[in-house]
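> Each residue of the sequence shown is one higher than the one before, starting from 1 at the first, in the UniProt record's numbering.
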Amino acid sequence: MSFEEEEEEETFEHTLLVVREVSVYKIPPRTTSGGYKCGEWLQSDKIWSGRLRVVSCKDRCEIRLEDSNSGDLFAACFVDPGRRENSVEPSLDSSRYFVLRIDDGRGKYAFIGLGFAERNEAFDFNVALSDHEKYVRREKEKETGETSESDNHIDIHPAVNHRLKDCI
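1) Identify, in the order they occur along the chain, each residue of the same chain with its Cβ nearer than 8 Å to the Cβ of Ile47, setting aside the five sequence neighbours on each side.
2) Return yes when the Cβ of Pro90 is within less than 9 Å of the Cβ of Asn126, no when it is not.
3) What is the C-beta distance between Ile63 and Leu92, in whole angstroms, given that I count them as a contact (C-beta under 8 Å)?
4) What residue ranges within the segment 43–114 form continuous beta strand (DSSP E) runs of no fewer than 3 residues, ordered along the chain?
5) So, are the CB atoms of Phe116 and Tyr97 less than 9 Å apart?
6) Applying the 10 Å Cβ sphere with the 16-neighbour rule, what's the burial state of Ala128?
7) In this structure, does DSSP put Leu16 in helix, strand or coil?
8) Mind reading off the beta-carbon distance from Arg51 to Val18? Whole number of angstroms is fine, and I expect it under 8 Å.
9) Who does Gly39 pair with in a DSSP beta bridge?
10) Look up Glu139 in the DSSP assignment and say whether it is helix, strand or coil.
11) Could you give the DSSP three-state label for Thr144: helix, strand or coil?
12) When you compare the CB positions of Asp103 and Cys77, do they come within less than 9 Å of one another, or not?
13) Closest to Asp59 by C-alpha separation, out of Arg163, Leu164, Phe12, would be which residue?
14) Whose CA, out of Lys140, Arg20, Thr15, lies closest to the CA of Ser70?
15) Quick check on DSSP: helix, strand or coil for Glu21?
Structure below.
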């Protein structure tokens, strides 16, 4: 494989999810060590709404917040392989809200609230991130030749019948 082909392969991106309308909130600092609560976010603190795209490129995953009409990038959240909890944190009190860590690449970062209009959109968001993690794990296993025990384990022992026999 030539260097040009290898470079081309690296820039190949997969779009894992597109959500047409999400909301972004300016959130207050975390009050407890447990996490963020979207109930503390005010509707007046909504700073942006637009499209969300989850994009995968090899082992890198990126959450892009883009203008729905122009496609201009508002913010991007990079999800490090195996460390999703550092970049994306679910809200404690709702399955539709998350906190994203937005990094400018120069060491500065901010936390913003992300809200989905529908619960199934939030579910799809979680699934897209999980699918990417599974993809990265499988690719790493291919490279090293190892497989995880849970994926290849086949139970050869029959299931034990624990039902009570009829008593006469």
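Even for Gly, the Cβ is constructed at its ideal location relative to N, Cα and C.
On a predicted model such as this, the values are computed, not experimentally measured, just so you know.
Judging by the given coordinates:
1) Mapped onto the sequence shown, residue 47 falls at position 47. Excluding residues within five positions, the ones whose Cβ falls inside 8 Å are Val24, Tyr25, Lys26, Ile112.
2) The residue you call residue 126 lines up with position 126 of the sequence shown. The residue you call residue 90 lines up with position 90 of the sequence shown. In this structure, Asn126 sits near Pro90, with a CB-CB distance shorter than 9 Å.
3) Start at 1 with the first residue of the sequence shown, and residue 63 comes out as number 63. Start at 1 with the first residue of the sequence shown, and residue 92 comes out as number 92. Not a contact, Cβ separation roughly 20 Å.
4) The segment 43–114 contains these whole beta strand (DSSP E) runs: 46–57, 60–66, 73–79, 88–90, 97–103.
5) Taking the sequence shown and counting its residues from 1, one reaches residue 116 at position 116. Taking the sequence shown and counting its residues from 1, one reaches residue 97 at position 97. A Cβ-Cβ contact shorter than 9 Å links Phe116 with Tyr97.
6) Here the question's residue 128 lines up with position 128 in the sequence shown. Flag for Ala128 reads buried.
7) Residue 16 sits at position 16 when you count from the first residue of the sequence shown. In this structure, Leu16 counts as strand in the three-state DSSP scheme.
8) Along the sequence shown, one-based indexing puts residue 51 at 51. Along the sequence shown, one-based indexing puts residue 18 at 18. Cβ-Cβ separation between Arg51 and Val18: approximately 7 Å, consistent with a contact (criterion under 8 Å).
9) Mapped onto the sequence shown, residue 39 falls at position 39. DSSP lists no partner for Gly39.
10) By one-based count along the sequence shown, residue 139 stands at place 139. If DSSP states are grouped into helix, strand and coil, Glu139 belongs with the helices.
11) For the purposes of this step, residue 144 is taken as the residue at position 144 of the sequence shown. Note: Thr144 maps to helix in three-state DSSP.
12) Position 103 of the sequence shown, counting from 1, holds the residue named residue 103. Position 77 of the sequence shown, counting from 1, holds the residue named residue 77. Yes; because the gap between Cβ atoms is below 9 Å, this pair is in contact.
13) Taking the sequence shown and counting its residues from 1, the one referred to as residue 59 is at position 59. The shortest Cα separation from Asp59 among Arg163, Leu164, Phe12 belongs to Phe12.
14) For the purposes of this step, residue 70 is taken as residue 70 along the sequence shown, with counting starting at 1. Taking only the C-alpha atoms, the option nearest Ser70 is Arg20.
15) By one-based count along the sequence shown, residue 21 stands at place 21. Glu21: strand per DSSP, three-state reduction.
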